[in-house]
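**Student:** Provided herewith is a single structure, encoded as structure tokens, for subsequent inquiry.
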Amino acid sequence: MQFSDFGLDSTLMNTVQHLGFSEPTQIQQQAIPAAMAGHDLIASSKTGSGKTLAFVIPAIQRLSKNRALSKRDPRVVILTPTRELAKQVFSQLRLFTANTQFKAVLILGGENFNDQVKVLEKEPEFIVATPGRLADHLKQGHFYLNGLELLILDEADRMLDLGFSKELSQINQAADHRKRQTLLFSATLDHAQVNDFAKELLKKPKRIAIEAGHTEHIDITKRFYLADNLTQKEDLLQHFLATEKSQQIIIFTATRSDTERLAKILSMQSLNAVALSGELNQSQRNQIMDSFAKGQHKILVTTDLASRGLDLVNVSHVINFDMPKHTEEFVHRIGRTGRAGTKGDAISLVGPNDWLSFKNVEAFLQQKITFTKVDGIKVKFKGLKPKKAKPEKAKIAKATEQKAQPRKPQKVIKKTFVDIQDAGAMKIIKRKKALSADQIEDSTKKEQD
Ligand code: ADP
Ligand code: MG
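Quick note: the sequence shown uses our numbering, first residue 227, plus one each step.
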């Protein structure tokens with residue numbers, strides 16, 4: 227199949243050719259015609275498989291072919307969970323609208339509010355935004371959505387995880403009319419919260435799922451290493467940095483303070499590392515992302531702030547210094563490498579504090595994960611086993627009663643674990659104790675948007 231088979235508007239088709247895209251990816255092959263036919267979509271495909279163009283192309287096509295419902299209102303709104311991703315989507319969109327009369331603007335949290343009011347007064351056809359700030363402008367009447375034709379949610383599940391459902395509902399309700407089309411995209415869209423939300427937002431959606439979620443990403447080689455503690459994680463990291471053949475590397479940590487700490491340690495060894503976290507102001511964030519994208523830094527140490535959507539072509543390695551708190555983020559983090567058919571390596575370090583997250587990832591991927599060892603680094607930790615709760619009499623009776631019934635497989639594990647090494651002392655490790663609340667990367671919408 228070729229892009230020319232879609233029957234795109236000639237200006238749009240010329241742009242596609244001019245930018246060097248010949249064959250649509252699988253998700254594009256399915257999502258572009260379905261969106262062009264006017265369907266609402268819940269579309270998922272693996273990381274790096276071209277989802278952005280799968281919504282940008284039909285959006286421009288719709289605007290080229292149809293008359294606007296309103297002269298003043300935006301016609302397409304694209305929302306993303308983070309400012310960095312919004313910027314990236316915006317720059318892709320700009321490439322595709324360059325030869326058209328359509329105006330596209332970017333509305334992000336953390337940037338000057340009044341400047342954005344002026345930008346919105348120019349009555350752009352396209353708005354790319356983070357949801358919190360856009361909802362603020364909407365509430366204050368800086369624009370209206372009665373003429374909105376397309377609402378696109380990129381990384382829709384992450385926006386819900388971050389607590390943006392209220393803002394998304396407000397935006398949805400402001401554009402509540404029959405001709406509105408809605409498209410949801412992500413590599414992970416199969417959890418219950420998304421389904422509930424889809425019911426509110428979408429009309430008879432078509433589902434497209436191509437190698438999404440737990441499906442093995444054949445271009446990304448995953449390796450897992452056990453570690454006793456933080457010091458050992460740092461030893462392992464040093465080993466990988468010295469031995470792996472790498473281009474650029476993204477290291478994910480659980481906490482913001484760890485990004486700074488690790489980047490400092492690495493920089494002291496002349497390793498050209500930089501830290502990105504939500505603690506920084508927007509111009510610092512922009513500067514770090516721009517210089518990393520240009521290859522001016524070898525290593526980016528970050529949190530789940532950078533787990534979604536970022537398309538950085540020279541990232542050969544992702545290192546999970548800590549396992550992610552939200553299971554799906556594992557798929558997205560490692561998906562920062564192995565993009566658009568290139569190969570990548572994903573290395574994950576698993577210490578006692580990571581064990582619960584690790585087991586959740588293992589369950590999510592539906593595979594038995596084995597650990598690799600490094601010569602010269604002696605690790606005692608062998609994993610934790612679930613603590614057996616003493617069955618009470620009543621429970622025993624109930625269990626006997628229910629024996630004949632098949633049990634549903636448990637998707638996400640919520641258990642306490644006992645250190646296998648330290649079983650004598652019955653050292654119970656509870657996840658909450660592993661990191662205090664303020665140490666954990668605070669993935670609130672305030673930070674992201
Ligand atoms: P996703 O959103 O699925 O993670 P992106 O939209 O960020 O993926 O695209 C990943 C990379 O693939 C980008 O660099 C993009 O330019 C490239 N790409 C997209 N569509 C095609 C295509 N049809 N042919 C070749 N490369 C493509
Ligand atoms: Mg994407």
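Glycine included, every Cβ here is placed at the ideal spot set by N, Cα and C.
Buried or exposed: Lys430, going by 16 or more other Cβ atoms within 10 Å of its Cβ?
**Tutor:** With fewer than 16 other Cβ atoms within 10 Å, it is exposed.
**Student:** Roughly how many whole angstroms lie between the Cα atoms of Arg404 and Leu346?
**Tutor:** Approximately 24 Å between the Cα atoms of the pair.
**Student:** Any heavy atom of the ligand MG closer than 7 Å to the CB of Lys277?
**Tutor:** At least one heavy atom of the ligand MG is nearer than 7 Å to the Cβ of Lys277, so yes.
**Student:** Please tell me whether, using a cut-off of 7 Å, the distance from the CB of Gly535 to the nearest non-hydrogen atom of the ligand HEM is below it.
**Tutor:** The ligand HEM is not among the ligands present in this structure, which contains only the ligand ADP and the ligand MG.
**Student:** So who's on the other strand from Phe478, going by DSSP bridges?
**Tutor:** Phe478 is bridged to Thr528, Asn546.
**Student:** In chain order, what residues of the same chain have a beta carbon less than 6 Å from the beta carbon of Leu283, not counting five sequence neighbours either side?
**Tutor:** Reading off the sequence shown, one finds Ile at residue 283, where the question assumed Leu. Here the set comprises Ile258.
**Student:** Is it buried or exposed for Ser236, if we count other Cβ within 10 angstroms and need 16 for buried?
**Tutor:** Burial call: exposed.
**Student:** To test your reading of the DSSP string, which unbroken alpha helix (DSSP H) runs of 4 or more residues are found completely within the segment 271-305?
**Tutor:** Those alpha helix (DSSP H) runs which fall completely within the segment 271-305 and span 4+ residues are 277-291.
**Student:** Going by the DSSP bridge assignment, what does Asp380 pair with across the sheet?
**Tutor:** In DSSP, Asp380 forms a bridge with Phe411.
**Student:** At a threshold of 7 Å, does Asp380 count as lining the ligand MG (C-beta to nearest heavy atom)?
**Tutor:** It does: the Cβ of Asp380 is within 7 Å (strictly closer) of some heavy atom of the ligand MG.
**Student:** Terminal residues of the continuous beta strand (DSSP E) containing Ala501?
**Tutor:** Its beta strand (DSSP E) spans residues 499-502.
**Student:** How far does the beta strand (DSSP E) with Gly570 in it extend, from its first residue to its last?
**Tutor:** Note, Gly570: beta strand (DSSP E), 570-576.
**Student:** Quick one: is the Cβ of Val539 within less than 7 Å of any heavy atom of the ligand ADP?
**Tutor:** Yes; taking the cut-off as 7 Å, the Cβ of Val539 has a heavy atom of the ligand ADP nearer than that.
**Student:** Of the residues Thr241, Thr529, Asn398, Lys551, which one's Cα is nearest the Cα of Leu305?
**Tutor:** Looking at the Cα atoms, Asn398 is the closest of the given residues.
**Student:** Does the beta-carbon distance from Gln592 to Ser542 come in below 8 Å?
**Tutor:** No, these two residues do not count as a Cβ contact at 8 Å.
**Student:** Measure from the C-beta of Ala424 to each C-beta in chain B and report whether the shortest distance is under 8 Å.
**Tutor:** Included in the structure is just one protein chain, with no chain B present.
**Student:** Short of 8 Å in beta carbon distance, which residues of its chain neighbour Gly650, apart from the five on each side in sequence? Order them along the chain.
**Tutor:** Confidence at Gly650 is low in this model, with a pLDDT of 39, below 50, so the placement of that residue should be treated as unreliable; the coordinate-derived value is given next. Within the same chain, Gly650 has no close Cβ partners at all.
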